[in-house]
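770 is the number that this note's numbering gives the last residue of the sequence shown; the numbers go up by one with no jumps.
In this text, a Cβ means the ideal position worked out from N, Cα and C, and glycines have one as well.
This structure is a prediction, so every number in the text was calculated from the model and none was measured.
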Amino acid sequence: MLSGTALPHSAHALSQVREVSHRPRAARDMRDYDEVTAFLGEWGPFQRLIFFLLSSSIIPNGFNGISVVFLAGVPEHQCQVPAWANLSSEWRNHSIPLQLQNGREVPRKCRRYRLAALANFSAMGLVPGRDVNLSQVELEPCLDGWEYSQDTYLSTIVTEWDLVCEDDWKAPLTTSLFFVGVLIGSFISGQLSDKFGRKNVLFVTMGMQTGFSFLQVFSTSFEMFSVLFVLVGMGQISNYVAAFVLGTEILGKSIRIIFSTLGVCIFYAIGYMLLPLFAYFIREWRMLLLALTLPGLLCFPLWWVIPESPRWLLSQGRLEEAEVIIRKAAKINGIVGPQIIFDPMESQDLSSRKQQTHSILDLFRTPNIRTITIMSIILWMTISVGYFGLSLDTPNLHGDNYLNCFLSAVIEVPAYIIAWLLLRYLPRRYSMSASLFLGGSVLLCIQLVPPDLYLLSIGLVMIGKFGITCAFAMVYVYTAELYPTVVRNMGVGASSMASRLGSILSPYFVYLGAYDRFLPYILMGTLTVLTAILTLFLPESFGIPLPDTIDEMLRVKGIKYRKSLSRSNNNKSRILKEGEERQTVLKTTTF
């Protein structure tokens, strides 16, 4: 998903949709809007144009976050032996000690034999291995830098700034800092789009993402590159959310759900699939980053095509501007609209009505909501670690890095489709648990695969990615249905923040693979399977009326509660409005 990276990657970035779509002040306006604009139809030329243009604007987001897989790729390397070292060819060939790795001897990456000692042996005419026991020769670090293989990458930020050996922690830090930017952007994007408008924020943050990516091309240090990457992450999540909200507010009820699931997510996956294609043909990191930045420029002409959200204009009291947009849409669809579209009396501001306020502490007020909140945080964090961990780990798989990354992107398309079907027809709890158990169990099986069956290992990783992506695509809807209306935004938002923390940690799960090839899969698989079991204790929300208050929430299994008369009484009256209420949350929370 997402969240996307992103998903998704991405998709995880969309908790702000709840914040901008469930405003009490405009609740009546939003309901009236669908009725008033019904004459436009659901799928005319205007709706198709908005659907595909906004979905297409998501494509650059698909390769921005995961691009670090190639930008920070670590090629094979060993200590450099300078040309001025007075060594014979025989001693130069034996200057790097060997170590056992995956059953075969390979040169060590961070140590070499002490050159002064080798120079003495070479001058004396001694033969390595026969006259000198190499295991007794003193070692020293790579004092003259490293030699990097160019079989896979011509250059990366790792080869540019020697982010290996003692500095090998810096490469995953770069990725974590990108997700720190995503975390910061997710805090501010909803408030910005509420204040300045969906369209303005969409294009400003799109420019922010493109502009700072362009500046990264000219980075002169690791620190400069990383700081700019934080800003790119802020821009990416902000324009992602703005595009999502703009589409859900312009499109009709039925198309809105398809846009927020298959539309956004599939186009994100398309961007993800383009990444390895770019990287395959452009293997120098600066030129690759430039090539990935340029497509963002193609989105700016859309400023003259994509309108502002009429819903947002109505919430700001700008009825005339909203009516101009709707009449233009009617003209594109070949429909003659009514003489008066928006009646000022029907678009009254409801913000003056007194609303009961709630704080983040309400998520821990009762044993039931406290348990659901803790379980949701664990669920979201585990899914995020698994999704981004597997996405970033593709260079460590056997075989071709570019093909593995492409397969990791392709597998998301059927995952999103299956998740959409599961959401429509099957219970949430069992669907989530089964997806997680599938993903986690196959990851645990990878360590049992013989080394020569590497294709089987790759297949298991892709199945694991499929299961975790399915779960990531469903977790937004499930979480939104568990929380009551009064704290739904905060509940999903807190869970989404846990997802950001998971994405920040995920590069270091991949980093552990340098010590043991199977350790990342064992950790991610174990966490995912345990979370799948934990999910079974969450209440089932499929086909159940959405709760309005904390007392009406569904109960976690295994915890004793006091009986609540208000819950049973309120449920009777709420059964009548279940259909309309559920459609409202689905269309604003799916993915």
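Status (buried if at least 16 other CB within 10 Å, exposed otherwise) for residue i
{"i": "ARG607", "result": "buried"}
{"i": "MET385", "result": "buried"}
{"i": "SER433", "result": "exposed"}
{"i": "GLU487", "result": "buried"}
{"i": "PRO480", "result": "exposed"}
{"i": "THR399", "result": "exposed"}
{"i": "VAL484", "result": "exposed"}
{"i": "ARG435", "result": "buried"}
{"i": "ILE683", "result": "buried"}
{"i": "ASN243", "result": "buried"}
{"i": "TRP482", "result": "exposed"}
{"i": "ALA677", "result": "buried"}
{"i": "SER314", "result": "exposed"}
{"i": "GLU214", "result": "exposed"}
Cutoff 7 Å; reference residue i; Cβ partners in own chain excluding five residues on either side
{"i": "PRO574", "result": "VAL248, GLY252, ASN580"}
{"i": "PRO686", "result": "PRO351, THR354, SER355, LEU571"}
{"i": "ARG549", "result": "PHE543"}
{"i": "THR552", "result": "LEU542, PHE543, GLY670, ALA673"}
{"i": "GLU221", "result": "GLY431, SER433, ILE434"}
{"i": "LYS742", "result": "Confidence in LYS742 is poor, its pLDDT being 47 and thus under 50, which makes the residue's placement unreliable; the coordinate value appears in the next sentence. If we look at LYS742 and ignore the five residues flanking it on each side, it has no Cβ neighbours."}
{"i": "TYR327", "result": "PRO254, HIS256, THR338"}
{"i": "THR216", "result": "ILE505"}
Candidates the options: closest to residue i by CA position
{"i": "PRO320", "options": "LEU371, TYR292, ALA302, PHE460", "result": "TYR292"}
{"i": "THR338", "options": "ARG506, TYR595, PRO254", "result": "PRO254"}
{"i": "CYS584", "options": "ARG435, LEU473, TYR451", "result": "TYR451"}
{"i": "SER365", "options": "GLN415, CYS344, TRP340", "result": "GLN415"}
{"i": "GLU317", "options": "PRO276, VAL628, PRO239, LEU381", "result": "PRO276"}
{"i": "PRO546", "options": "ILE519, ARG271, ARG734, THR331", "result": "ARG734"}
{"i": "ILE625", "options": "GLY643, SER328, LEU454", "result": "GLY643"}
{"i": "LEU492", "options": "ALA470, PHE401, GLU402, ASP373", "result": "ASP373"}
{"i": "ILE367", "options": "VAL396, PRO455, ASN418", "result": "ASN418"}
{"i": "MET641", "options": "VAL656, TRP559, LEU617", "result": "LEU617"}
{"i": "ALA652", "options": "ILE445, LEU322, LEU469", "result": "ILE445"}
{"i": "VAL621", "options": "LEU602, LEU634, GLY646", "result": "GLY646"}
{"i": "ARG377", "options": "SER494, LEU680, PRO517", "result": "SER494"}
{"i": "LEU266", "options": "ARG497, ALA296, LEU469, LEU627", "result": "ALA296"}
{"i": "TYR566", "options": "TRP599, ALA598, ASP695, SER587", "result": "SER587"}
{"i": "TRP599", "options": "LEU540, LEU441, MET703, PRO630", "result": "LEU441"}
6 Å Cβ shell around residue i - same chain, five flanking residues per side excluded
{"i": "HIS273", "result": "PRO307"}
{"i": "GLY412", "result": "PHE357, GLY360, VAL361"}
{"i": "GLY692", "result": "ASN575, PRO699"}
{"i": "SER236", "result": "ALA422, CYS478"}
{"i": "SER614", "result": "GLY646, CYS649, ALA650"}
{"i": "GLU591", "result": "ALA448, THR648"}
{"i": "PRO455", "result": "TYR581, CYS584, PHE585"}
{"i": "GLY163", "result": "Outside the displayed range of the chain (180 to 770) lies residue 163, so it cannot be described from this structure."}
Residue interval of the alpha helix (DSSP H) (run including residue i)
{"i": "VAL285", "result": "First-last for VAL285: 283-286, but that is the beta strand (DSSP E), not the alpha helix (DSSP H)."}
{"i": "GLU326", "result": "Here GLU326 belongs to no alpha helix (DSSP H); instead the beta strand (DSSP E) covers 325-327."}
{"i": "ALA594", "result": "591-604"}
{"i": "MET303", "result": "No alpha helix (DSSP H) holds MET303; DSSP gives it neither H nor E."}
{"i": "ALA509", "result": "498-511"}
{"i": "ASN418", "result": "401-429"}
{"i": "ARG544", "result": "Note, ARG544: premise wrong, no alpha helix (DSSP H); not H, not E."}
{"i": "ARG227", "result": "224-235"}
{"i": "THR440", "result": "That residue, THR440, is in no alpha helix (DSSP H); it is neither H nor E in DSSP."}
{"i": "PHE721", "result": "No alpha helix (DSSP H) holds PHE721; DSSP gives it neither H nor E."}
{"i": "PHE242", "result": "238-243"}
Reduced DSSP secondary structure (H/G/I, E/B, other) of residue i
{"i": "CYS258", "result": "strand"}
{"i": "ARG696", "result": "coil"}
{"i": "PRO486", "result": "coil"}
{"i": "LEU318", "result": "strand"}
{"i": "GLU463", "result": "strand"}
{"i": "PRO630", "result": "coil"}
{"i": "SER334", "result": "strand"}
{"i": "VAL253", "result": "coil"}
{"i": "VAL311", "result": "strand"}
{"i": "ARG202", "result": "Confidence at ARG202 is low in this model, with a pLDDT of 41, below 50, so its placement is unreliable and no value can be given for it."}
{"i": "ASN265", "result": "coil"}
{"i": "THR550", "result": "helix"}
{"i": "LEU342", "result": "coil"}
{"i": "GLY568", "result": "helix"}
{"i": "ARG734", "result": "coil"}
{"i": "GLN388", "result": "helix"}
{"i": "LEU576", "result": "coil"}
Residue interval of the beta strand (DSSP E) (run including residue i)
{"i": "GLN280", "result": "277-280"}
{"i": "ARG291", "result": "290-292"}
Contacts around residue i, its chain only, beta-carbon distance under 8 Å, and the 5 residues preceding and following it disregarded
{"i": "VAL343", "result": "VAL253, HIS256, LYS288, CYS289, TRP325, VAL337"}
{"i": "TRP559", "result": "HIS191, VAL654, THR658, SER674, SER675, ALA677, SER678, GLY681"}
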